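A.B. asks: So the sequence lines, in the order shown, correspond to chains A and B. Just so you know, we're using the working numbering here: the first sequence kicks off at 3 and counts up by one. Just so you know, we're using the working numbering here: the second sequence kicks off at 1484 and counts up by one.
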Amino acid sequence: MEKNLTQIALFAALIAILGLVPKVDLMSGVPITAQSLGIMLCGTVLGARNGALAVLLFLFVTIAGLPLLSGGRGGFGVLAGPSVGYIIGFPIAAFVTGSIVEFWRVNVGVSAFVGAFIGGFVVLNILGIIGMSVMLDKTLPEAALLALPFAVGDTIKAAIAGMVTQAIARARPEALLSRA
Amino acid sequence: MLTLTSPTRTFAHGLPAGAKLAVLALFTVALFAITAPLAMALCAALVACLALSCGRSFALTLVRSLRALVPFVVVLALWHLWLADPLGGLTIGLRLVTAVSAATLVTMTTPLSDMLTLFQSLLAPLARLGLQPKPLALALALMIRFIPVMLDRFGQLSQGWRARSARRIGWQVVMPATLAALDDAAHVAEALRARGGVA
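1) Decide yes or no for the touch test of the segment 105 to 112 of chain A against the segment 64 to 79 of chain A: beta carbon pairs closer than 8 Å, at least 3 of them.
2) Count the other CB atoms, across all protein chains shown, that sit within 10 Å of the CB of K1617 (chain B); report buried if there are 16 or more and exposed otherwise.
3) Counting only beta-carbon atoms, is D1597 (chain B) nearer than 7 Å to chain A?
4) Can you tell me whether DSSP reads R1650 (chain B) as helix, strand or coil?
5) Which residues in the same chain as S135 (chain A) place their Cβ atom closer than 6 Å to its Cβ, once the five residues preceding and following it in sequence are excluded?
6) If distances are taken between C-alpha atoms only, which option among B:C1532, B:G1576 and B:A1534 comes closest to L1514 (chain B)?
7) Taking buried to mean at least 16 other C-beta atoms within 10 Å of its own C-beta, is D1635 (chain B) buried or exposed?
8) Under 8 Å: do the segment 1602 to 1621 of chain B and the segment 1632 to 1652 of chain B share three or more Cβ pairs, one atom per stretch?
9) My parser needs the beta strand (DSSP E) runs of 3 or more residues fully inside the segment 97 to 165 of chain A; what are they?
10) Whole-angstrom Cβ separation of A149 (chain A) and G130 (chain A), contact assumed at under 8 Å?
11) For chain A, is any of its Cβ atoms less than 7 Å away from the one on R1676 (chain B)?
12) Can you find a CB in chain B that lies within less than 7 Å of the CB of F123 (chain A)?
13) Who pairs with R75 (chain A) in a beta bridge, going by DSSP?
14) Ends of the alpha helix (DSSP H) at L58 (chain A)?
15) Between the beta-carbon of L179 (chain A) and the beta-carbon of L48 (chain A), is there less than 7 Å?
16) At a CB-CB cut-off below 7 Å, which residues of chain E make contact with P1618 (chain B)?
17) Taking 7 Å as the CB-CB cut-off, is G217 (chain A) touching chain B?
18) 7 Å is my cut-off, CB to CB: does L1564 (chain B) come that close to chain A?
19) Can the beta-carbon of A4 (chain A) be found closer than 7 Å to that of A1624 (chain B)?
20) Considering only C-alpha positions, which residue in the set B:L1521, B:A1607 and B:T1590 is nearest to A1495 (chain B)?
21) Buried or exposed for W1654 (chain B), please, with buried defined as at least 16 other CB atoms from any protein chain shown within 10 angstroms of its CB.
22) Name the residue from B:G1680, B:W1562, B:A1663 and B:A1677 whose alpha carbon lies nearest to the alpha carbon of A193 (chain A).
23) What does the Cβ neighbour count give for S72 (chain A), buried or exposed, with the cut at 16 atoms within 10 Å?
24) With distances taken Cα to Cα, identify the nearest neighbour of M1598 (chain B) among A:I10, A:G53, A:V63 and A:A18.
25) Does the separation of the CB atoms of F1541 (chain B) and S1604 (chain B) fall below 7 Å?
26) Using 8 Å as the cut-off, can you tell me whether the segment 152 to 161 of chain A makes contact with the segment 1498 to 1505 of chain B, which would need three or more C-beta pairs spanning the two stretches below that distance?
27) State the DSSP-derived secondary structure class of A1519 (chain B), mapped to helix, strand or coil.
28) Please list, in chain order, the chain A residues whose beta carbon lies closer than 7 Å to that of A1622 (chain B).
29) Straight-line CA distance for L1552 (chain B) to G100 (chain A)?
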């Protein structure tokens, strides 16, 4: 009980600091934030349930008014803006990512990459694109065009999530809740 | 850490958080029901007047917080110029800016502690489904407390990187940061258990 709670709280903080740290050069030339990497790691390391709860805790504090979303955003404005689909998609993405890592018992690095890609890229972008199409009054293909520039970065982040998860499986096998 | 709440007290700071939130919800629903450009402009003017009534620097802070919307407004403008439908684009853009401004107005005039209290009382009915309010409050406090701790740790990892490598800090630093979060979680869990645990 205590361990679940502290892991949820500290991974919520991890999502926050990955959004606050601006200088991490994920791959030269691609300006991407590490925040969605934090969402993916919640799923791959903590598993579906605890990963989604960590993301929900992070959103709870952000929407209440701490500017923890990348770019210093926060408050109710993020729910009224065009990125609302991504905000709603964050906990769902973590849940899907975690479920895949939990149920697909191949090499943890591989299933973490595939899980992070399906959860953090496919599912997240579907919800994000629906959100943009509603908020900007555009059709779905038009909104999808807006999300396209980020596809490369998201694929890279899924690969990083896979590698980080594999490294953690080696360093702290007992802490990897998604494979407990 | 700085919150988004405005430090200069305005008349709106005194209003109950729940009431502000309810009005905001109704206003946002209305915004999305409106299609007439003139009615939309009136709503925008109303929000602008409210912001200005809270003072000049307050209104400027609010405008600065809208910069995340700039790319979307630019894309909308280009798109609708190309469609030769400038009025339609203007209405959608105005709705976007008005909805976000109104929401930011509520956030800027409500202290974080008031908002968290309101959220917790809104979540209280979920206790029947197993979401206990006490562990939630503890997780909330732990998370906020650990943000500066983990930022410090990230700073140390970055310094270590710079001391050893000429290259710019890369994604590899995420791995020790995540590991540190896991270890901290284990230590805090032990400390909680030693003090009687979470009921």
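Quick reminder that beta carbons are idealized off the backbone N, C-alpha and C, glycines included. Model, not experiment: these values are computed from the prediction.
C.D. replies: Taking the coordinates as given:
1) no
2) Within the second sequence, residue 1617 (chain B) is the residue found at index 134, counting from 1. Under this definition K1617 (chain B) is an exposed residue.
3) What you label residue 1597 (chain B) is simply residue 114 of the second sequence in a count that begins at 1. Judged by the 7 Å Cβ criterion, D1597 (chain B) is not in contact with chain A.
4) Taking the first residue of the second sequence as 1, we reach residue 1650 (chain B) at position 167. The answer is coil: DSSP assigns R1650 (chain B) none of H, G, I, E or B.
5) Counting from 1 along the first sequence, the entry for residue 135 (chain A) is found at position 133. Cβ neighbours of S135 (chain A) beyond the five flanking positions: L142 and A145.
6) Translated into the one-based positions of the second sequence, residue 1514 (chain B) becomes position 31. Measuring from the Cα of L1514 (chain B), the nearest candidate turns out to be B:G1576.
7) Numbered from 1 along the second sequence, position 152 holds the residue referred to as residue 1635 (chain B). Under this definition D1635 (chain B) is an exposed residue.
8) no
9) none
10) Start at 1 with the first residue of the first sequence, and residue 149 (chain A) comes out as number 147. Start at 1 with the first residue of the first sequence, and residue 130 (chain A) comes out as number 128. The Cβ separation is near 6 Å, so the contact holds.
11) Locating residue 1676 (chain B) in the second sequence gives position 193, counting from the first residue. It does; some Cβ of chain A falls within 7 Å.
12) Working through the first sequence from its first residue, we reach residue 123 (chain A) at position 121. With 7 Å as the cut-off, F123 (chain A) does not count as an interface residue toward chain B.
13) Your numbering for residue 75 (chain A) matches position 73 in the first sequence. In DSSP, R75 (chain A) forms a bridge with A:L71.
14) As a working note, residue 58 (chain A) is residue 56 in the first sequence. Element bounds for L58 (chain A): A50 to A66.
15) The residue you call residue 179 (chain A) lines up with position 177 of the first sequence. The residue you call residue 48 (chain A) lines up with position 46 of the first sequence. Closer than 7 Å, so yes.
16) Any reference to chain E falls outside this structure, whose protein chains are A and B.
17) Nothing about residue 217 (chain A) can be read from this structure; chain A reaches only from 3 to 182.
18) Along the second sequence, one-based indexing puts residue 1564 (chain B) at 81. So, not an interface residue.
19) Translated into positions along the first sequence, residue 4 (chain A) becomes position 2. Translated into positions along the second sequence, residue 1624 (chain B) becomes position 141. The amino acid occupying residue 4 (chain A) in the given sequence is Glu; Ala does not appear at that position. In this structure, A1624 (chain B) does not lie closer than 7 Å to E4 (chain A) by Cβ.
20) Indexing the second sequence from 1 puts residue 1495 (chain B) at position 12. If we check each option's Cα against that of A1495 (chain B), B:T1590 comes out closest.
21) Here residue 1654 (chain B) corresponds to residue number 171 of the second sequence, with the count starting at 1. Result: buried.
22) Because chain A is modelled from 3 through 182, residue 193 (chain A) falls outside the range shown and cannot be assessed.
23) As a working mapping, residue 72 (chain A) is identified with position 70 in the first sequence. That one is buried.
24) On the second sequence, position 115 is the one that residue 1598 (chain B) refers to. Of A:I10, A:G53, A:V63 and A:A18, the residue nearest in Cα terms is A:V63.
25) Along the second sequence, one-based indexing puts residue 1541 (chain B) at 58. Along the second sequence, one-based indexing puts residue 1604 (chain B) at 121. Against a cut-off of 7 Å, the Cβ pair of S1604 (chain B) and F1541 (chain B) comes out as no contact.
26) no
27) On the second sequence, position 36 is the one that residue 1519 (chain B) refers to. Coil, per DSSP.
28) One-based indexing of the second sequence puts residue 1622 (chain B) at position 139. Correct list: L7, I10, A11 and L59.
29) In the second sequence, the residue the question calls residue 1552 (chain B) occupies position 69. In the first sequence, the residue the question calls residue 100 (chain A) occupies position 98. Rounded to whole angstroms, L1552 (chain B) to G100 (chain A) spans 32 Å at the Cα level.
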